[in-house]
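Remarks on the structure that follows.
Protein chains: 2
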Amino acid sequence: MKHLINNVKIAVNEKTYVKDPESSDLGKRIVQHGIALISEVGFENFTFRKLGTRIGSNESSVYRYFENKHKFLIYLTSWYWGWKEYQLVLHTNSIQDPALKLERALKVITEPVEKDSSFSYIDEAALYQILINEYSKSFLTKEVDRENKEGYFEIYKRMVGRLRDMIWTLKPNYPYPASLASSVLEGAMHQYFLMEHFPSLTDCRDNESLYVFFRHLVFTSLNVQIDD
Amino acid sequence: MKHLINNVKIAVNEKTYVKDPESSDLGKRIVQHGIALISEVGFENFTFRKLGTRIGSNESSVYRYFENKHKFLIYLTSWYWGWKEYQLVLHTNSIQDPALKLERALKVITEPVEKDSSFSYIDEAALYQILINEYSKSFLTKEVDRENKEGYFEIYKRMVGRLRDMIWTLKPNYPYPASLASSVLEGAMHQYFLMEHFPSLTDCRDNESLYVFFRHLVFTSLNVQIDD
DNA sequence: TAACAAATGATAGTAATGCTATTATATTTG
DNA sequence: CAAATATAATAGCATTACTATCATTTGTTA
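Going down the list, the protein sequences come from chains A and B.
Under this note's numbering, think of the first position of the first sequence as 1, with each following residue one higher.
Under this note's numbering, think of the first position of the second sequence as 1001, with each following residue one higher.
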C-alpha cells in the first residue's frame, strides 16, 4: 500500500511507554523484534529477557522503554489500531454514498494486512497475527477499568466509533449501531482465528468469504440491498 | 431452574484432569473454590498455592486433581459448555417449528445464568463470569492445535454445531450457518463484557436488549420475519 | 579536546510462580 | 488389624518479573 502522505506518525498514548520507542534506534529494534518474537512464541512465553538477548542487548534496556510486557502489548495493539484507523479514513473519506462508504469500511476491516513501507521497521502482517491471537488478553484483565480510565483503549474505541457512525449515517433508526460495529471488529479477528484453527466452526475460507459474510450480516441487518 | 432429570452428570474430557474432581469431596471443593477464586482475582493472579490455602489444604493436593491451571480452566469451561448444551437441548428439543426453535436457542444463549441447584457445589453465575473474562485465554495459545486434536474443545464445538444446524434447518440455502453460530456464541460473551466495561461500544444495557440485538441480527440475516 | 551527560550494557539480587519430590499422617477398605 | 489409598506438610528448583547498581560507550557542548 502506497501512502499519499509520507510523514505520518501513529500517535499512541504516552502512558504505554516509559520512553518513546520511535525516538531511538534501540527503541525501534525493541518494537521490531518484539513483534517477531511474540508472533513466534506467543505472548505467554514472551519475556523481556528473551527479547533483550535477541536484539543483542539485555532485559534492563528493554525495561527502560516499557514498564512491563502487558504495557508493551497495549502499545503494539494501540499502534495497530491507529494504523488501521488511518487506513480506514484514507479509503473511505472521499466516498459520499453512505452505503458504499460502509461497504468500503468493511473491506478495509476484513482484508488481510499488506506490508506498509511507510513504517519500515514494523511488520504489519505479523502484528495482525498478534492482534488475532493476543488482542483480547490486553483488556481481559482485572485492571481493565483503571486502564480504560487512563485512556489505554482510546484508539480502539475511536475505531469502533467511526464504524458505528457510518452505520448510523446509513440507517439512523437502526437501534444497535455500536453493538454491530464492535461485533464486526471483534468478529473479524475471531473468524480469522477459527479459519486457522477451528475450520469446522466457520464457513469462511479466505479473506474474501470473510468479507462477504460480514457484508451480508451488516447490510441485511440494516435492511439495505447490495449487489453481489 | 428446575431439572426434569435429577441425576445428570456433565461429562468432561478425562484428559483435562488427573483425577476426577467429582469423585471426592476434596475434588468438589477444589472446583467450587477454584471458581470463586478465579472470578475474584482473575486467571492471571490465580495460583494453585492460593487455592490450596483457601480450602485449608495445599498446592500438592490440588496438583493431584489437575495438571496445571490451564487444564483447570479447560475443565471449568468445558463443564460450563456441557451444562449450557444440556439446557439448550432441554429448552429446544420439543419445539418443532424451526424459527421458534432458533429463537428459543438464542434466548438460552443470551440469558443470564441462574443458579442451578442440581449441581450444588457449582456456582454457575460465577462460572459464567469466568467464561466472559477468561474463555478466550483457553484457546488463544500456541498449543491450541495439539489440544484441539486431543479433544479439549469438543463440547464447545458440539454447541456451535447444534446452533449451526438449527440455522441450517431454518434456511438451508444460507451460506454461513457455522460462522453465524460461532459469531453469536462468542459475540454474546463479548457484548456482556462490553456492557460491563465499555458501555460506549455497545447498545445493549441488559440481557433483554442483548437478546433482541442477536435475534434481530440472526433473523434478518436469514431473511425470516419475527414478531417484536 | 576535556568534561559532562545521556544512553546502553552487564551483573546481581529478590519475591513470586509453576512446578516436582519426599515424607508424614489420616482415612478407608479388605 | 494391616494394607492400601488419600491427603497434608515441607522442601527444593528453574523461571519469571522485576529492581538496583555499576560500568561502558556515545553524544554534546564549553
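Using N, Cα and C, we set each Cβ at its ideal position, and we do this for glycine too.
For A/LYS50, the enclosing alpha helix (DSSP H) has its first and last residue at 48 to 54. At the C-beta level, A/PHE48 and A/LEU37 stay beyond 8 angstroms of one another. Excluding the 5 residues flanking it on each side, A/ASN207 has same chain C-beta neighbours closer than 7 angstroms at THR110, GLU111 and PRO112, in chain order. Any Cβ of chain A closer than 8 angstroms to the Cβ of B/PRO1175 would place that residue at the interface, and such an atom is present. In this structure, the CA atom of B/TYR1211 is about 26 angstroms from the CA atom of A/ILE226.
Judged by DSSP in its simplified three-state form, A/TYR152 adopts coil rather than helix or strand.
For B/ASP1145, at least one C-beta of chain A is nearer than 8 angstroms to its own C-beta. The continuous alpha helix (DSSP H) containing B/PRO1177 extends over residues 1177 to 1197.
Along the stretch 132 to 143 of chain A, going in chain order, the ones with a CB nearer than 8 angstroms to a CB of chain B are ASN133, GLU134, SER136, LYS137, PHE139, LEU140, THR141 and LYS142.
Flagged as an interface residue toward chain A: B/PHE1198, by a C-beta distance shorter than 8 angstroms.
For B/LYS1157, the closest Cβ of chain A is nearer than 8 angstroms.
The Cβ atoms of A/ASP203 and B/PRO1175 lie closer than 8 angstroms to each other. Taking the C-beta atoms as reference points, B/VAL1012 is found nearer than 8 angstroms to B/GLY1082. Taken through DSSP and simplified to helix, strand or coil, A/ILE35 comes out as helix. Judged by DSSP secondary structure, B/ARG1215 falls within the alpha helix (DSSP H) whose first and last residues are 1207 to 1221.
At a Cβ-Cβ threshold of 8 angstroms, A/LEU140 and A/VAL108 do not count as neighbours. Spanning the alpha carbons of B/SER1039 and B/THR1077 requires a straight line of approximately 13 angstroms. For A/PHE213, a Cβ of chain B is located within less than 8 angstroms of the residue's own Cβ. Using a Cβ-Cβ cut-off of 8 angstroms, A/THR47 does not count as an interface residue toward chain B, since no Cβ of chain B sits closer than that to its own. For secondary structure counted as the alpha helix (DSSP H) over 4 or more consecutive residues, the stretch 44 to 99 of chain A holds these complete runs in sequence order: 48 to 54, 59 to 63 and 69 to 92.
A direct Cα-Cα distance of roughly 6 angstroms separates A/GLN32 from A/ILE122. Going by DSSP, A/TYR174 is part of no alpha helix (DSSP H) at all; its letter is neither H nor E. A/GLN225 sits in coil when the DSSP states are folded into three classes, being neither helix nor strand. Among the CB atoms of chain A, none fall inside 8 angstroms of the CB of B/HIS1091.
Shown here, B/VAL1041 sits in a helix according to DSSP, grouped into three states. Considering only B/LEU1217, B/TRP1079, B/GLY1027 and B/PHE1213, the residue with the shortest C-alpha distance to B/ILE1055 is B/GLY1027. In summary, A/ARG29 is buried, with 16 or more beta-carbon neighbours lying within 10 Å of its beta-carbon over all protein chains present. DSSP, reduced to helix, strand and coil, places B/GLU1114 outside both helices and strands of the structure shown, so it counts as coil. For the pair of segments examined, the stretch 1059 to 1066 of chain B was found to touch the stretch 1016 to 1026 of chain B: the number of CB pairs separated by less than 8 angstroms reaches three. Distance from the CA atom of A/TYR75 to the CA atom of A/GLY52, rounded to whole angstroms, is 18 angstroms.
In terms of beta-carbon proximity, B/GLN1129 stays away from the interface with chain A, with every pair separated by 8 angstroms or more. According to the DSSP assignment, A/ILE132 belongs to the alpha helix (DSSP H) that extends over 124 to 139. In the same chain as A/LYS9, and ignoring 5 residues on each side of it, the C-beta atoms closer than 8 angstroms to its own belong to GLU22, in chain order. A/SER182 counts as buried, since at least 16 other C-beta atoms from the protein chains shown sit within 10 angstroms of its C-beta. Rounded to the nearest angstrom, the Cβ distance from A/SER221 to B/SER1221 is 7 angstroms, consistent with a contact under 8 angstroms. A/ASN148 reaches chain B at HIS1197 and PHE1198, counting residues in chain order whose Cβ is nearer than 8 angstroms.
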